[in-house]
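In the working numbering, the protein residues as written are 1 to 226.
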């Protein structure tokens, strides 16, 4: 399944890049082909990048993910947006300074691209030092103190204690009927069966205020049940 997804991604990106090769050699397409390509080539390129992006984000990129995670790219990652901003004005400046006809071969294009890339990196570095780095430093000075205070206050706050639940133990006993051939045994034979019930604490408080013993009250209740 992943192999098919890689093939589809490469096919879409390759189609967008290489379908224009005959057009650059003097064979322009018809109007319908031009309209379809102009309307859908950006969408096709974006769809071709969906799977590589997802695969690298989820650890399935393999060699591509290892290449993009190379530590040498870390310093350049801070300059990428600056390069994006300054390379277009440099390109227009380069095109505006051409005074004569030029032969657009591969060597000329490579030479121009390398020169523009180097100048873009230099201007992006100056832009980073003059704009982005001071703003990041100011943001850390303003918001880092508040962040630390919030963390310290959260650490000092005592944890909430769980609410205590009160329960009254009600003892249930079974009365053994006497027989003639055995000795009489006390009413509480063996271990009594204990049953935990949740009772309103106000009942016990009311019995104490009335001067009634709670155990006597329970015995009377048992007798009334019999």
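Note that CB positions come from ideal geometry on N, CA and C, so glycine has one too.
Cα-Cα separation between residue 281 and residue 90, rounded to whole angstroms | What is shown of the chain runs 1 to 226, which leaves residue 281 out entirely.
Thinking C-beta only, is residue 124 closer than 8 Å to residue 86?
-> yes
Give every residue of the same chain whose Cβ lies closer than 7 Å to the Cβ of residue 32, excluding the five residues on either side of it in the sequence, and list them in chain order.
-> none
Return the Cβ separation of residue 78 and residue 37 in integer angstroms, given the expectation that the two are a contact with Cβ distance under 8 Å.
-> Actually they are not in contact, since the Cβ atoms of residue 78 and residue 37 sit about 35 Å apart, beyond 8 Å.
Assuming residue 88 contacts residue 121 under a Cβ cut-off of 8 Å, what Cβ separation, rounded to an integer in Å, is found between them?
-> Contact flag wrong, Cβ pair sits at about 15 Å.
Are residue 44 and residue 12 touching if we call contact CB-CB under 8 Å?
-> yes
Enumerate, from N- to C-terminal direction, the unbroken alpha helix (DSSP H) stretches of 4 or more residues contained entirely within the region 24-96.
-> 31-57, 63-68, 73-77, 80-96
Is the beta carbon of residue 51 sitting closer than 8 Å to the one on residue 6?
-> yes
For residue 1, name the three-state secondary structure that DSSP assigns.
-> coil
Taking just the CA atoms, how far does residue 65 sit from residue 71?
-> 12 Å
Helix, strand or coil: which one does DSSP assign to residue 114?
-> helix
Top-ranked residue by Cα proximity to residue 115, from 100, 130, 135, 93 | 93
Mark residue 48 as exposed unless 16 or more other C-beta atoms lie within 10 angstroms of its C-beta, in which case mark it buried.
-> buried
Between residue 8 and residue 111, what straight-line distance do the alpha-carbon atoms span, to the nearest angstrom?
-> 33 Å
CB-CB under 8 Å to residue 16, same chain, minus the five flanking residues each way: which ones, in chain order?
-> 41, 44, 45, 48
Can you tell me whether DSSP reads residue 21 as helix, strand or coil?
-> coil
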